[in-house]
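Counting from 0, one number per residue, gives the positions in the sequence shown under numbering that gives the first Met the number 0.
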Amino acid sequence: MIDARFSDTITRHLIYALGTDPDHATLRDWRIALSLAVRDRLVDRWLAASHAARKAGAKRVYYLSMEFLIGRLLEDAIVNLRLEDEVRAALSALGLSPEAVIQDEPDAALGNGGLGRLAACFMESLASLGVPAIGYGIRYEHGLFRQSFVEGRQVEEPEDWLTQYHTWEFKRRNVRLRLCFGGEVVEEAGKAVWRGAEAVMAQAHDTPMIGWQGRWANTLRLWSAEPLHGFDLDRFNRGDYAAAAEAEALARTISRVLYPDDTTERGKELRLKQEYFFTAASLQDILHRFEDEGGALADLPKKAAIQLNDTHPAIAGPELVRLLHDERGMPLDQAIETARGCLSYTNHTLMPEALECWSEDLMTRLLPRHMQLIERIDAAHAAENPGRKVALTAHGEVRMGELAFVMAHKVNGVSALHTDLMKQTVFAELHRMHPDRIVNQTNGVTPRRWLFSANPRLSRLITGAIGEGWVCDLDQLETLEPSLRDPAFLDAYATAKRANKADLAAWLAEAHGITVDPEALFDVQIKRIHEYKRQHLNILETIALWREIKANPNGPWVPRVKIFAGKAAPGYAFAKEIIHLINDVATVVNADPETNRFLKVMFLPNYNVSLAERLIPAADLSEQISTAGKEASGTGNMKFALNGAPTIGTLDGANVEIRDRVGEENFFLFGMTAEETEIRRAAPDHARQAIAADTRLGGALKAVSQGVFSPRDRHRYRGFVGNLTGHDYFLVCSDFTAYWDAQRRVDAAFADPGVWWPMAARNTARTGWFSSDRTIRGYMADIWGAVPIDPA
Ligand code: H53
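Right under this line is the structure:
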């Protein structure tokens, strides 16, 4: 029902919460007033859900994650509460543009990549399915850095998203927990007692996570670090102002930024502190809730399913044992069993350098009791499994992947291929010891945000054809299959995509001053910058294409716009060089009058969730070109396919399952398999051989090394080219020719609308399985043993 007075509610918030009036209000003021008005609509439901969970004595899911890449929350809330029409009408009545108001909200900078976005999709699906759950993480004051380019180079600046009034969170002043670091372990009355040297407080901030149609809402509880004691008046009065502020500044350091540079010892220490900080606070909180609701400790696994998102919260194993054994007197063996009954661990990468290891020295210095408990857990595990030895510590380091595995009752991979490889490689020995422990849960994405909300044109078309049930049951997209043979449907499908592309082209012109032809093929690679993701394979193919077009400017070229976006970790020099090269190539290619009708290149700064929501609905082609065996799953691949952008990709991660579902003729496959890459890597001189065999690749590399794209600094990319022609661990050169050929197959298909649109539409109709609702149901059945609650 349309509430005619919704605009009055907004205005009331504007006046009484913000203290301004309509004549003087800025767009920001209006956005905040609208957010408060929408928030009013969800708080009752949120409190009711939390009450219902308590009353039912339900098992809760606790999702511990360093990242929650939630993006903007206003539009999510409007869509899930089904307030679209009401908000639109109210804003029009107030003379405001709904798009402008919604886009004024800054993205919450609480994550970096797929792992963090997956956590956000899971929170949305948990709420939409009515599963009682709490997400736990860190309330980063500055989050991940903001990216810009200066002469093509990445520059990092602190993100200041929290300097504005953050309307969605509630600070829980009564939930402040004390945590310790350092110190020593002493024995008192035969018991180990940890006397920490340094203490900080973890302050809780809650954000409601509302599900589809507002039937259920959960909580995202984020911790900020605060000093134990307030302001030091004594020191201040003695004139020592800096010292008076020091304790506070030090404590706050912990929740200042996401992924502080950990190439230094201090950086490593801070990172471990962050991990312990949020994990320990969350476990205390979970135990308090359990104890408040009155249960016997041994029953904890019946009430709490605690999911460790990657190894970042892996210290949860020893910490939970410490809380149960040291602090509550449970015998050690039983404490280990109880903790294991609660804990499960998701592995998101097989790359050895990304599986965390902490030096024993650092661990002993920062968490001395945990180091002892890790040794006890290790010994107990070895005793239970005689003859097989997997050490939790090796070469003076604690291996967090192994620790998480040993302390979890289930360990999951994130795609079928990744889970198989996990069993064969990083956890082969542990898998032999515990053959039932590893399970697969292929990732998914929430259809509410990634189709319904991000792509209203396509959503309307789908709803017109099959009704709205697909939004909470994405498998229903299968019922589009008969429409795929209907020319009128395919026409409407193409019209929706063209309109999305026209919108994107208009925004690119306005926001970035770049003009592109909306009829061109929009080829998009957006993700963290990493050698294994091979953005450099894409840019080398771009260079080769540019050279071919120059050699034959009147050829039948299919116009393309190559769009890149993504951040490089501040300490990752090679990734930054890839960004620089792409920007340099863009400068030269876009200015070339001979070719720029056919080819444009752009690297959009500061990739985030909102930019993804803009780009994905307008994409024609999805670039998923990682070296096979290296991308655990990918989730962008699912979003593109769902929005009708076929994939050009390798047999890696969830690409394999996407291809199985959309059909091989609707997927542009290229490159070596994971097995083949192992063999190829062993061949001496594999890169040089590949370069010698393909003059396009040789020519592209030569152009880069000769400074064609860096005329004022000709040697800029010597190191880059040296890496590829020499070591080339990620096999860019060896996969180049296959990639080039696949791109030409893309050109041919795109040039024929009778081929392209059915292919694009089949991608939408056949990827309903990649809903995160399906993934969450899998976790519930195979890992958590949790069930949804009927809120009524
Ligand atoms: O996690 C995604 C996967 C993706 C993988 C990503 C990821 C991070 O974003 C960060 C750390 C990490 O170990 C893995 O790269 O393949 O889709 C969610 O599972």
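Note that the Cβ used here is the ideal one computed from N, Cα and C, for glycine as well.
Computed from a predicted model, the values in this text were never measured in an experiment.
Does the stretch 52 to 62 come into contact with the stretch 11 to 24, if we say contact requires no fewer than three beta-carbon pairs (one atom in each stretch) closer than 8 angstroms? no
Give the list of continuous beta strand (DSSP E) stretches no shorter than 3 residues that lie fully inside the stretch 294 to 327. 303 to 308
Coarse secondary structure for Asp522, derived from DSSP in three states: strand
How close, in whole Å, do the beta carbons of Gln534 and Ile528 come, if the pair is a contact with beta carbons under 8 angstroms? 6 angstroms
When you compare only the Cα positions, how much space is there between Leu219 and Asp84? 27 angstroms
Span of the alpha helix (DSSP H), counted from its first residue to its last, around Ser223: From DSSP, Ser223 is part of no alpha helix (DSSP H) but of the beta strand (DSSP E) over Ala216 to Pro226.
Let me make sure I understand the geometry here. Which of Met370, Ala464 and Leu349 has the alpha-carbon closest to that of Gln423? Leu349
Hey, Leu520 and Pro558: beta-carbon distance below 8 angstroms or not? yes
Would you mind stating whether Gly633 and Gly113 have Cβ atoms separated by less than 8 angstroms? yes
Can you tell me where the beta strand (DSSP E) holding Tyr15 begins and where it ends? No beta strand (DSSP E) holds Tyr15; the alpha helix (DSSP H) holding it covers Phe5 to Tyr15.
Using beta-carbon positions only, say whether Gln273 and Ile373 come within less than 8 angstroms of one another. no
Supposed close pair Ile647, Val745 - CB separation, criterion 8 angstroms: 6 angstroms
For the alpha helix (DSSP H) holding Val762, just list the boundary residues, first then last. First, the amino acid is wrong: residue 762 is Asn here, not Val. Start and end: Pro752 to Ala764.
Apply the 10 Å Cβ neighbour rule to Asp474 and answer buried if 16 or more other Cβ atoms are within range, or exposed otherwise. exposed
Return helix, strand or coil for Val60, following the three-state DSSP convention. strand
Taking 8 angstroms as the cut-off, decide whether the C-beta atoms of Val413 and His311 are in contact. no
Mapping the DSSP letters down to three states, classify Lys170 as helix, strand or coil. strand
Between which two residues does the alpha helix (DSSP H) carrying Ala498 extend? Pro486 to His511
Could you tell me which residues DSSP pairs with Asp734 in its beta bridges? Answer is none; Asp734 lacks a bridge partner.
Secondary structure, beta strand (DSSP E): runs of 3+ residues fully inside the stretch 611 to 688: 620 to 623 and 646 to 648
Taking 7 angstroms as the cut-off, is the beta-carbon of Val444 closer than that to any non-hydrogen atom of ligand 1? no
CB of Gly628 to nearest heavy atom of ligand 1: below 7 angstroms? no
Coarse secondary structure for Ser771, derived from DSSP in three states: helix
Rounded straight-line distance, which links the Cα of Pro787 to that of Gly195: 40 angstroms
I'd like the list of long-range same chain contacts for Ala36, defined as Cβ closer than 6 angstroms, with 5 residues on each side in sequence excluded. Thr8, Ile9 and His12
Quick one: complete alpha helix (DSSP H) runs, 4+ long, within the stretch 27 to 103? 73 to 79, 83 to 92 and 97 to 102
DSSP three-state label for Val412, please. According to the sequence as given, residue 412 is Gly; it is not Val. Three-state result, Gly412: strand.
Cross-strand partners of Pro446 (DSSP beta bridge): Note: Pro446 sits in no beta bridge, so no partner.
Can you tell me which of Lys526, Gln306 and Ala585 puts its alpha carbon nearest to the alpha carbon of Ala574? Lys526
Own chain partners of Leu610 with C-beta closer than 8 angstroms, once the 5 adjacent residues on each side are dropped: Ile525, Ala564 and Leu603
Ligand 1 and Asp309: does any heavy atom of the ligand fall closer than 7 angstroms to the residue's C-beta? yes
Taking the alpha carbon of Gln102 as the reference point, which residue from Glu292, Val707, Glu477 and Leu26 has its own alpha carbon closest? Leu26
Would you check if there are 3 or more beta carbon pairs closer than 8 angstroms linking the stretch 280 to 293 to the stretch 36 to 47? no
Let me check you understand the geometry: is the CB of Ser632 closer than 7 angstroms to at least one non-hydrogen atom of ligand 1? yes
When you compare the CB positions of Arg658 and Met671, do they come within less than 8 angstroms of one another, or not? no
With DSSP as the reference, identify every bridge partner of Ala393, one or two as the case may be. Glu396
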